[in-house]
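Heads up, the thing below is written out as C-alpha cells.
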Amino acid sequence: MMSTVLTLTFNPALDQTITLDRLQPGTVHRASAVHTNAGGKGINVASCLADWGVPVAATGILGRANAQPFEALFADKGIADHCVRVDGETRVNIKIADQSNADTTDINLPGLVLGETVLGAVREQVRETVIGLLQDDPADSAPLVVAAGSVPQGMDPAVYASVGAEVRRFGGRLILDTSGVPLSAALAAPERTLPLCIKPNRAELEQWAATPLDTLEAILTAARRLNRRGIALVVVSLGAEGAVYVSSSLAIRAALPVVRPLSTVGAGDAMVAGLTAALWEDANPETLPGLERIARLSTAFAVGKLERLGPNLPPRATIEALAARVAIEVCS
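In the working numbering, the protein residues as written are 1238 to 1569.
Following this line, the structure appears as C-alpha cells:
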C-alpha cells in the first residue's frame, strides 16, 4: 500500500531544546547543548512517518518570517509541503531537558493570531489535498488524515469538528490528537464528523469524562463510551505505564520499559505516528493481531524516539526489535 498520509497542524512551533545537567530554579545555568527543530504535533508526526518510509504530506499554517526550518525539514525528509503561509512568525516553544532526572520543562510562547479567513484557506487546502490523494490512488477509498495539536488564538476551538466533517465528506479517515476545548468540541460533534481514532492521555480523557480515571476499569469504561459513539479506536497514553488500546470489540494494554531517555519531547507524537503507520499497513483494530500490531508499533515509535533529539526515529530494524519486546496484556 503506497497511499499518502496527510498531517494537519494548525499551531506548529520551532522547538528549542536546552539541555542542562540539572535544573535548579532561581539559579544561573550553563546549557550543555541547544537544539532547534521544526515541530508542532502534526509536523512531528509527519517527520516520524517519513523516517518509517510512509509517503506523507503536511498542511497547516506557517508564518512566512521563519518558515525556512520547516521547509528544510520537508525537503530533507521528502514531505510534500501543502502548508498555508501567513504574515508573521511561527511560535517558538522552549523545552528545558534536565539530565539529572530525565524531566522536561516546557515553556510555550504565544503564536500567530489568526481569524476565519486563514481557517477557510486551510480547510480548502485540506479538502483539495484529500481529493488529490483520492485521485492519485483511486483504489485507496479512505486516506488517513492526522490532525494534531492546539489551535492558535482567534481560531474557533471547535475547528476539529468542522475538519472532521470535511475529511469524512471527501472519503478520508481522521486520527485526532488534541486536548481541552478542541477535543471536547470534536467529541461532542455529530457522529458523521467523528474521527476514526483519538489518542488522549489519562488527564485529557478524565476531563472529557468529568470523573477520575484512577483504575484500568474506569479508563476502559470511558473509552468504550467513545467506541459506542462511533470512534473505532481510542488510545489512552499512560506515560511510563504504557498505553491502553480500545476498539469496539477488543482492549489491550501495552508497555515497554525505558532505560534512560535522551529527550521526552515529541514522544506522544511519535506514538501517534506509530499507530498511523500500523493503520497505513492495514492493521485492523477489530482483530487481536491487528490491535497488537498497532500497540507494538506505536509503543516502539515512542520509545525509539526517546533515544533521539527532535522528531526523529532510529533505523527500522531498531523499531521492529523494540516492537517485538512490547509487553501485551489483553483486557477483559
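Glycine included, every Cβ here is placed at the ideal spot set by N, Cα and C.
Check your understanding: How long is the line joining the alpha carbons of L1381 and V1291, rounded to whole angstroms?
Key -> Taking the sequence shown and counting its residues from 1, one reaches residue 1381 at position 144. Taking the sequence shown and counting its residues from 1, one reaches residue 1291 at position 54. Roughly 11 Å between the two C-alpha positions.
Point to revise | Span of the alpha helix (DSSP H), counted from its first residue to its last, around G1276 | key: Taking the sequence shown and counting its residues from 1, the one referred to as residue 1276 is at position 39. G1276 -> not in any alpha helix (DSSP H); beta strand (DSSP E) instead, spanning 1270 to 1276.
Review point. Which value, in whole angstroms, describes the spacing of the CA atoms of L1463 and A1250?
Key: Within the sequence shown, numbered from 1, the residue matching residue 1463 stands at position 226. Within the sequence shown, numbered from 1, the residue matching residue 1250 stands at position 13. Whole-angstrom Cα-Cα distance: 30 Å.
Review point. Of the residues D1318, E1443, G1479, P1449, which one's Cα is nearest the Cα of A1283?
Key: In the sequence shown, counting from the first residue as 1, residue 1283 sits at position 46. A1283 has its Cα closest to that of D1318, out of D1318, E1443, G1479, P1449.
Practice item. Sort out for me which residues DSSP pairs A1317 with in a bridge. Key: Taking the sequence shown and counting its residues from 1, one reaches residue 1317 at position 80. In the DSSP output, where bridge partners are listed per residue, A1317 has A1294.
Check your understanding: For A1210, which of A1287, G1315, V1329 has the nearest alpha-carbon?
Key -> Beyond the ends of the chain as shown, which are 1238 and 1569, falls residue 1210; an answer cannot be given.
Point to revise | Identity of the residue in D1506, L1413, L1420, P1449 nearest W1469 by Cα | key: Residue 1469 sits at position 232 when you count from the first residue of the sequence shown. Residue 1469 is actually Ala in this sequence, not Trp. Of all alpha-carbon atoms in D1506, L1413, L1420, P1449, the one lying nearest the alpha-carbon of A1469 is that of L1413.
Exercise for review: Report buried or exposed for L1346, applying the criterion of at least 16 other Cβ atoms within 10 angstroms of its Cβ.
Suggested key: Along the sequence shown, read from residue 1 onward, the residue named residue 1346 stands at position 109. Around the beta carbon of L1346, fewer than 16 other beta carbons lie within 10 angstroms, which makes this residue exposed.
Practice item. Measure the alpha-carbon distance for R1364 versus L1433 and round it to whole angstroms. Key: Within the sequence shown, numbered from 1, the residue matching residue 1364 stands at position 127. Within the sequence shown, numbered from 1, the residue matching residue 1433 stands at position 196. Those two C-alpha atoms are separated by around 18 Å.
Exercise for review: Rounded to whole angstroms, what's the CA-CA distance from P1394 to L1525? Just pull it up for me.
Suggested key: Here residue 1394 is taken as the residue at index 157 of the sequence shown, counted from 1. Here residue 1525 is taken as the residue at index 288 of the sequence shown, counted from 1. The alpha-carbon atoms of P1394 and L1525 are separated by roughly 36 Å.
Exercise for review: Could you check how far apart the C-beta atoms of H1272 and T1246 are, in whole angstroms? I think they sit under 8 Å.
Suggested key: Mapped onto the sequence shown, residue 1272 falls at position 35. Mapped onto the sequence shown, residue 1246 falls at position 9. Contact flag wrong, Cβ pair sits at about 20 Å.
Review point. What are the start and end residues of the alpha helix (DSSP H) that includes D1506?
Key: Position 269 of the sequence shown, counted from the first residue, corresponds to residue 1506. According to the DSSP assignment, D1506 belongs to the alpha helix (DSSP H) that extends over 1504 to 1517.
Review point. At a cut of 8 Å, does the stretch 1437 to 1448 reach the stretch 1397 to 1404 through at least three beta carbon pairs?
Key: no
Check your understanding: Helix or strand or just coil, what does DSSP make of T1555?
Key -> Here the question's residue 1555 lines up with position 318 in the sequence shown. T1555 falls in the helix class under three-state DSSP.
Check your understanding: Which runs of the alpha helix (DSSP H), 4 residues or longer, sit entirely within the stretch 1417 to 1498?
Key -> 1417 to 1424, 1439 to 1446, 1453 to 1466
Check your understanding: Since T1548 and N1281 are thought to touch, with beta carbons under 8 Å apart, how far apart are those beta carbons, to the nearest angstrom?
Key -> Position 311 of the sequence shown holds residue 1548. Position 44 of the sequence shown holds residue 1281. Strictly speaking, residue 1548 in this sequence is Pro, with Thr absent from that position. Correct: roughly 4 Å between the Cβ atoms.
Check your understanding: Rounded to whole angstroms, how far is the Cβ of V1359 from the Cβ of V1321, which I believe are closer than 8 Å?
Key -> For the purposes of this step, residue 1359 is taken as residue 122 along the sequence shown, with counting starting at 1. For the purposes of this step, residue 1321 is taken as residue 84 along the sequence shown, with counting starting at 1. That pair is a contact at about 5 Å.
Practice item. Report the rounded CA-to-CA distance for P1419 versus M1508, giving the unit in angstroms. Key: Sequence index remark: in the sequence shown, residue 1419 carries index 182 (1-based). Sequence index remark: in the sequence shown, residue 1508 carries index 271 (1-based). Cα-Cα distance, rounded: 20 Å.
Exercise for review: Pick helix, strand or coil for Q1362, following the three-state DSSP scheme.
Suggested key: In the sequence shown, residue 1362 corresponds to position 125, counting from 1. Three-state result, Q1362: helix.
Exercise for review: For the beta strand (DSSP E) holding V1329, just list the boundary residues, first then last.
Suggested key: Counting from one through the sequence shown, the residue named residue 1329 turns up at place 92. It spans 1328 to 1335 - the beta strand (DSSP E) in which V1329 sits, taken as one unbroken run.
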